[in-house]
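> For the record, the sequence lines run as chains P, G, Z, D and X. Residue numbering for the first sequence follows the working numbering, starting at 1 and increasing by one per position. Residue numbering for the second sequence follows the working numbering, starting at 1 and increasing by one per position. Residue numbering for the third sequence follows the working numbering, starting at 1 and increasing by one per position. Residue numbering for the fourth sequence follows the working numbering, starting at 1 and increasing by one per position. Residue numbering for the fifth sequence follows the working numbering, starting at 1 and increasing by one per position. C-beta atoms are modelled at their ideal positions from N, C-alpha and C, and glycine is treated no differently. All values reported here derive from a predicted model rather than from experimental measurement. Just passing along the structure, written as structure tokens.
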Amino acid sequence: MDMLLSSPTLLASALASIGGEITTSHYIVLSALIFGVGLFGVITRKNAVVILMSLELMLNGANLAFVAFSRHHGNLQGQVFVFFIIAVAAAEAAVALAIIIAMNRVKGSVNLDDATELKG
Amino acid sequence: MEPLALYGYIILFAPLVATALITCFTLKHKAVSSWIAIGGMLVAFGANVLAAMQVFGADASFEPVHEIEWLSVGHVMIPFGVQMDALSVMMSLIVTGVGLCIFVFSTGYMKGEDGWSRYFACLSLFSFSMLGIVLSTNLIQTFIFWELVGVSSYALIGYYFHKDSAVDAGKKAFLTNRIGDFGMTWGIILLFYTLVDTLGWERASFSYEKLKLLYHASDPLIVQVMADHSGTLALATLLIFTGAVAKSAQVPLHVWLPDAMEGPTPVSALMHAATMVAAGVFLVCRLFFMFAPYEIALGVVAWMGGITALLAAGVAFVQHDIKKVLAYSTLSQLGYMVLALGMGAPAAAMFHLTTHAFFKALLFLGSGSVIYGCHHEQDMRKMGGLRKTMPVTFWTFMIGTAALAGIAPFSGFWSKDAILSAASVGHVPGAPILYGMGVLVALMTAAYMGRCVILTFFGEYRGHAKPHESPVSMTGPLVVLATASVFAGVLSIPKGISEHGGWLEHALVGATTAPVWFPGMHEEVFLPSVAIVGTVAALFGLFLAYMFYAKKAWSIDSFVAAVKPLHTLLEKKYYFDEAYLWLVANVQQTIAETCGFIEVHVLRRIVDAVAGTTRWFGGQVRLLLDGHLHRYVTLALFGAVVIIAAVLVGN
Amino acid sequence: MDPWTFWLGGSLALGGGLLTVTRKNAVASVLWLIVAFLGMSTLFLGMDAGFIGVLQILVYAGAIMILFLFVIMLLNLTPSGLLRMDRPRGTTLGLASAAAFIALIVAIVTGGQQWTGGQGGGSEAAILERTGEASMLEGSVLDIADQLFNAHLLPFEAASVLLLVAIVGAVALTKRKL
Amino acid sequence: MDLLTLLVVVPLLAAGVLVFVPAKAEKAIRWTAIGAATITLGIGIWFFHLALTGGEAALTEYTASLPRIPWVQSVGITWAVGIDGMSVAMILLNSLVLFTACMVSAHAIQDRVKEYFILFLALGAGVYGVFIVKDMFFMYFAFELAVVPMYLLIGCWGSPKDREYAAMKLTLFLTAGALVALVGILLLYFKTWDFLRLTDPNAMPSFHLDDVIAAADSGYFSSAFQKKTFVFLFLGFGAIIPMWPLHTWSPIGHAAAPAAGSMMHAGVLMKLGSYAILRVAFPACPEGAAYWLPWVATIAMANIVYGGYVAMAQKDVKFVIGFSSSSHMGYTLLGIASVTVMGVSGAVFLMFAHGVMTALTFGLIGFFYDQTHDRYIPNLGGLAHQMPFVGTCFALATMASAGVPGFANFASELMVMLGAWEAGYKVQAVIAIFGVVITAVYLLRALADVFFRARKERWDKLKDARGPFQRSPFILLIVVLLAFGMYPKPMIDIIKAGVEPIVRPVRRAQGHVVDRDTGAVDMRGVDSGLDGEIDTGNAPSERGPRQQRRREGR
Amino acid sequence: MDKLNLILLVPELLAVAAGIGVMLWDLWLPREKKIALSTASMVAAVVLFLSTFIPAVAEGGHAMGGTFLVDGMALLMKRAFAVTALFVFLISREYVEDLERGQGEFYTLCLLALSGMFLCASVNDFMSLFVALEVVTVSFFVLVAFKRRSTKSVEAGLKLLVIGSVSAALLLYGIAFVYGATGTVFFDELRADVVAPDFIVSTELVIGLFLIFLGLGFKTSAVPMHVWVPDVYEGAPTPVTAFMSVGSKLAGFVLMLRVLEVFGRSAAIAAELTPFLALIGALTLFYGNLGAIPQTNIKRLMGYSSIGQCGYILLGIAAAWTMGMSGALFYMVSYVFTNMLVFGVIVYVARATKSHDLDDYSGLARSNPMLCAAMTIGLLSLAGVPPLMGFVGKLLLLGSAFGSPELHWLVYVGLINVVIAMYYYLCVIKRMWIHDARSPAKPVAPMRVKIALGISVLILLAGGFAPQILEGLTAPAAAELGLPSRPR
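The following block contains the structure:
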């Protein structure tokens, strides 16, 4: 837990090393930040489309991590993985947008606040 | 199996077979049922006579005990069998003989009643239970039949089950006896395991014969052990005596007996004369060897008897129900017997028990006849002058009264004299006081019986329906019992009067003797002074009754007014019922209600609260998902991080 | 690794992302997201993952985002609806969750393995044996194709099924008459 | 297939057949059920006869002739059945109660007959299962098999007022109890596996009781382990007995159930707990038992006295009997806690006697309740006028319950008291004796207020039990009670032979001398006794060695 | 290693082919004859089931250069998936018939989802794992929202989509870390690596695995990724709920087992994973079973129940030894029949009553006792009551967890939850059997469904009375997984 608590300082120290050598860790932290931004979007936005975009951001965070590790290990598996992630994201996006359109049709809105019929 | 044991089993089981036959086959056939019951009793009586001839016969070489294993676990063996010694044969003779009379009487008395077959079945069962106590070979078997007597009495007292009073009386009898049984069970177990602890498995036993051997043992070490544990053993003995207290209706567990009059009169007769109440006295006789060594035990017994005799006699004065008068007289006489036991004179007690059986059965059946003749009227104030309309009943009743009052030469005189003699020389603490009480009771007995007879048979008829004499099926037994009441005294005319006297005592010596070292064992002698005092007391009592009720020389009302508090006390029967009622209604019911409250409002609440809490949590968990997707995502992600962090920290 | 691509790409990606999730107008969000993707692409290129970098622009920025734009136009939301929709809520929750996750990752990265070189966890011998020469590999199309059609043929084929599912699904969900 | 397995198979098979009988063929359904019950009754009697003639040896031989059929091999579940004196009594009990309950329901149940008998037979099969299996898995299995049908039996055919609550409570309580016991079973299971691996490193685990007992006998189970495991087993099975204060499911369950349901519930279901304690917990955790049983004896007091007093406060006749059951089970507990052959045999015999008695009682209550639809005592009264037969039977049942001699209950309660005293639980024994007085108070009150007193016209339409079909179940049960009450020796001989090996390890754990060859348990070590002591000149007034040893043992 | 060995992929290929075939045939068929698609799908499901018995397939082995693995578990689960699909087709026939459009698409998606599940059972590297999982997930995005005119259906689809994507991101992040820690995504290599003596269990590997399990937990509805379950179960078309509650869930579990099998070989990793899985399991148990109590909608109730059931399997997974694996497999197979049985009834009751309100089940036993009996048996099996299949599975799982002393607390949690679960299942049973009927609706099931339900009941009973039959399949499959054969 103290590891978690001390992470802001660690983050600060990582940022302080701007201009220095960029390690895989930098990329991982960056990917976490991107992931976190996406997560923030998913949670705070009401517009379903924007939420989808935030999700894409989260996936991109993972992508970054893969590529960083791929580079780190010097093999291409990570890159190939990203290829698949992009493919999956595309497929997902297609279906997701379809669902959003369907939602707009039945509810006249893509506001997630209108999608609270199911609860409990 | 030798014939004697066979007789024993026949005596024991004949009434049971009758019960079974009636219950299974002849519930709808009244006449057949009664004949089966009487037949069963007759068989038992016949076998009994045969057994008596052998036991009391000249060549008394027989094996008195026959047992089979009833239950055996480990070292504990509970036998079942018959013990055919003088005491039990004597007693069973009374039970079957008097019982037979009462059975026959019942066929007349119960005419037209519903549940005739049920009545005879229960009567037979009752006889079976009583015979079981009498013939029992061991404590557990005695206890079994002890309880069965309670149960069958419950059935008989509650015979008129549509009457609340009868039902409640039955319940009361059963429960009071249960309290006694509680003590008795405790006593038996305590006794047995005390013996086991001190003498080992081999010697401890429930069997009377084996126990007697222990108590009579001359082995100094056993004597030493028994002496060392005398406190526990005396306690056990007294606990067993509790059973006798309840069954023989000694104060303070006597309350059921007067209420038991709710049953049909023949039942009262059977219960009061030969069975049930006699069981307690019989038990103490049977176990006398256990009481004898402990003065404290004997003292308690004696005092309990004396007090009962006195208290009950007092209440008998203020009763108006003819059966209640007799009931309290029974209590009083039982007190007498117990007094005799406490004084170390079991033979005298048995003697009185025998004579009492005859004359009390006679009196009860006589009262039954009176009640029957008066169209089921029991209040003496509504009787009077019956001697003309019911001559046979009157004369037999008179004989019974004379015997009860202790007028020579009726049987009651001899037995009462034996008891008073024993009391006069007794060793227990306060024996002289007890002797005085005995004499006083003799006086009172004569007085209240005089009152009863005068109110019932003399003067003018005060009732409405026309009285009539009873049929021969009822008067016949009366005559038989009257004869017995007159002559039963010969069983044990004291040696001082007759060369052949003391037969009963002699016969019972084997069964009831105390251990050899017992100092208080009383050799029965005829004490003229005692006889004179007793007779004078009885005559004075009759005189008082005559003056108050027949001649009305002295006003009963003014006398009552003079002793108002005492009268009230007697009318309220010393407030025993009230006290018990208070206990039951307040203490016991409060405990019950409290437990009921705990059950419903605490335990069930707790269980329901557990369920309720679970449900509440369920409701809360459900609220987590409120339909808003962003909360879901938060829950998922935040949850994920927290779980991971928790695991990491945990590791 | 080249720090400049990292800083440039990283700030583009992060800044674009942040703007994406905070813009009130969905169209603006899309555009900022494209910026973010460009930043990602920069990062990939900086890590010698040229193919992925290109793919990022082509597929993500090019195809997917255009699709998003289409949809947004298609939805034809009224301004009032948009206004109602674009008041963010649960900001605290969002921040907390995001912060918690980031903190977790950062804690691992900084507390555990630094990945400054050498190997991570795992069995070093095994990893060395597998990587060996491969560490020289670059993300060229040829290499990736080799991987895709040899070692990773199964997911590749599976991805085709996935795309079929997506096509059928999208059609089933949106086409007015079938 | 051996006869024991048939006991389970026959009712299940009958239930399976009933599924395919059209629901309208009610007569056929009833007769199928009764037929199955009769077959099992026959088997039950056959085993009783076997035990009667051949003694424990015949039972052991029979058990030895049965194969262990592997069921789930990798987990070590085997279908292994066996029988000893204790199970003979219980099987006979179940076969009697099942048969009579079937007879009673045959005319009492008119609604959804098919469903009823399917569930009923499943229940019966489950109970048989518990009594015959020697595999802990199947013991749990069979128990749950019995519990769940009970839910529907109470729920669908019970009295409408409280059946939902009662059924749910009963099911959840019994399930929870069984699960707690399951923890104990699993503890034993894994420990036994460890033990088995000592000899053969590749040994498979085993749920078989013989293996568990072998491990226990070898002393492999540490004292702490036994103490812990015993708590689980005892609490779990104790809730089924039901032990105070885990009893609250029981009275209301009795009250809400239909007549036959109450018969099975009170008659046999409640016996499963004490049976399982004796069957599993005693041999497997003797030291645990020795450690905890003094507490159990004290809890038994709570059962007896508290149950009795609560029964006294009840106004609903089924609740009276329900609480009386939990009071009576206190005697069972006390007998078990005594760990003497006397006390434990008494407890088992009491289980038998109480089962028969209470089945009788509930059958009778059900009989009049089906007509009055009222169980509130003040509303009833004088029913003996309208139903003399039922009244007589009820009076007899009441007497049996009150522990009147001549009925089997008396002998068993006496044995429990003797056993408790023998074990040194003197205070408890005295309280138990006093409990008989309490019992009499409320039972007689109930009897009097329901069946006696003035005739009430509103009940004039009630019909008495008529004809052999309606009467025979009651008569059968009464005859059994009387027969075993008047001459208990044969049954007790059977039971004690089965109980001795169960008691022996616990006695040993308590530090008592046990004669291994004869199986005789020397409870006090005094019996070689007096002479020896006298010869050596020891003062015989000294406290017997028993007390000393017990003091050391604690 | 390099061999394609395509014969092993026959079931998957056939599934895809069937999906495409149905889609194409749909184009030709006139509207009134579309019902033939249902029949075709059933036939396809049967064929797929049988195809797993092709000797070459049944023999097992590697394919696709080692990224595809057919072992006992894979075979068993594929059969389970095929049976599930068959059930879904059986009970969805009427539902699909009522659709105004998209019948062909429904079956196509189902079959493609099925192919994804097949793949899940056989994946042998992380990439295939991810893609196969997404095939299933994306299919269900569509299927859940398939009733596109229904607000509930679409809302459910959206919720599933968002949570699903978030969890996919988590999964990816986890995989990335594992890849970062080990440098490979191939299970075969990982299997060899983790038991290597110099293998270091780094934090990022552990966290990566945690994230992977969380991501998979989305499919298996494990806390905390379960949040979608009740809503989606309620909103989705009932046959889809049925399919999802079994197929999708078991796909997640088979992947969990696979990952555990790969990494659990190392005692050090297992020691890290066990507390995590145990904690998740306990939370899942409590969440599902407590949340189910106040439910009034049968599908929602089944959703929570589904969460609860997941907790039990997690018990076995947390125990991470052969018995737990065997128990999990046993439980999963029994879950197929149990849940399909229950949903079969739900579908036809809902057709009669037009709602999924629990109160509609009141008095059902009077109008259709057989259907009710089937439902009761299904629910009791879920509750884990003997003599039903669910009980044996539950016992194996609890027993396996009980093997390690540090998991005893988890078993206690499991046992408490058995009681809680018993309560709400009994509440449903109570309504059916004890309460009086509220609506006059008389549900009827068509003959084919009756037969299917009857067979399920028989299987549940057989699985209870003779568990050795199924256990004879799961135990070797579990033993093959290479986890220790004794509790840790």
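Looking only at C-alpha atoms, which of D/200, D/196, D/261, D/435 sits nearest to residue 302 of chain D?
D/435
> How many angstroms separate the CA atom of residue 14 of chain D from the CA atom of residue 149 of chain D?
15 Å
> Does the distance from the CB of residue 41 of chain G to the CB of residue 103 of chain G come in under 7 Å?
yes
> For residue 62 of chain P, return the contacting residues in chain X, with the cut-off set at a CB-CB distance below 7 Å.
Chain X residues near residue 62 of chain P: 169, 172, 173, 176.
> Along chain Z, which residues have their Cβ under 9 Å away from the Cβ of residue 638 of chain G?
93, 96, 97, 100, 101
> Could one say the Cβ of residue 136 of chain Z lies closer than 7 Å to chain X's Cβ atoms, at least one of them?
Because residue 136 of chain Z carries a pLDDT of 45, less than 50, the predicted location of this residue cannot be relied on, and no value is offered for it.
> Among the residues of its own chain, which have a CB less than 6 Å from the CB of residue 491 of chain D, if the five just before and after it don't count?
484
> Does any residue of chain Z bring its CB to less than 7 Å from the CB of residue 132 of chain X?
yes
> By how many angstroms is the C-alpha of residue 14 of chain X removed from the C-alpha of residue 41 of chain X?
12 Å
> Return the CA-CA distance between residue 127 of chain D and residue 393 of chain X, expressed in angstroms with no decimal places.
Approximately 23 Å between the Cα atoms of the pair.
> From residue 369 of chain G to residue 448 of chain D, what distance separates their C-alpha atoms?
30 Å
> Are the Cβ atoms of residue 163 of chain D and residue 164 of chain G separated by less than 7 Å?
no
> Can you tell which of D/251, D/94, D/45, D/378 has the C-alpha that lies nearest to the C-alpha of residue 456 of chain D?
D/378
> Applying the criterion that 16 or more other CB atoms from any shown protein chain within 10 Å of the CB defines a buried residue, is residue 451 of chain X buried or exposed?
Flag for residue 451 of chain X reads exposed.
> Please determine, among D/58, D/413, D/331, D/314, the residue with the shortest C-alpha to C-alpha distance to residue 443 of chain D.
D/314
> Against chain P, with Cβ distances strictly below 7 Å, would residue 426 of chain X count as a contact?
no
> Check whether chain G comes within 7 Å of residue 120 of chain P, counting only Cβ atoms and requiring the distance to be less than that.
yes
> What separation, rounded to the nearest whole angstrom, lies between the Cα atoms of residue 81 of chain X and residue 261 of chain D?
Taking the straight line from one Cα to the other gives about 42 Å.
> Residues of chain Z with CB under 9 Å from residue 138 of chain X, in chain order?
162, 165, 166, 169
> For residue 71 of chain G, which residues does DSSP report across the bridge?
G/78
> Which residue's Cα is closest to the Cα of residue 348 of chain D: D/30, D/330, D/309?
Of the listed residues, the one whose Cα sits closest to residue 348 of chain D is D/330.
> Counting contacts by CB-CB distance shorter than 7 Å, is residue 186 of chain D in contact with chain X?
yes
> Sorted by chain position, which residues of the same chain lie with C-beta nearer than 6 Å to residue 172 of chain G's C-beta, five sequence neighbours on each side aside?
256, 259
> In the region 201 to 230 of chain X, which residues sit with their C-beta less than 7 Å from some C-beta in chain Z, listed in chain order?
201, 202, 203, 204, 205, 207
> Assuming residue 146 of chain D contacts residue 505 of chain D under a Cβ cut-off of 8 Å, what Cβ separation, rounded to an integer in Å, is found between them?
Not a contact, Cβ separation roughly 28 Å.
> Using a Cβ-Cβ cut-off of 6 Å (strictly less than) and excluding sequence neighbours within five positions of residue 187 of chain D, which residues of its own chain qualify?
Apart from sequence neighbours up to five positions away, the residues of its chain that approach residue 187 of chain D with a beta-carbon distance below 6 Å are 229, ordered along the chain.
> Between the C-alpha atoms of residue 101 of chain D and residue 373 of chain D, what's the straight-line distance to the nearest angstrom?
19 Å
> Return no unless some Cβ of chain X is closer than 7 Å to the Cβ of residue 643 of chain G.
Residue 643 of chain G counts as touching chain X.
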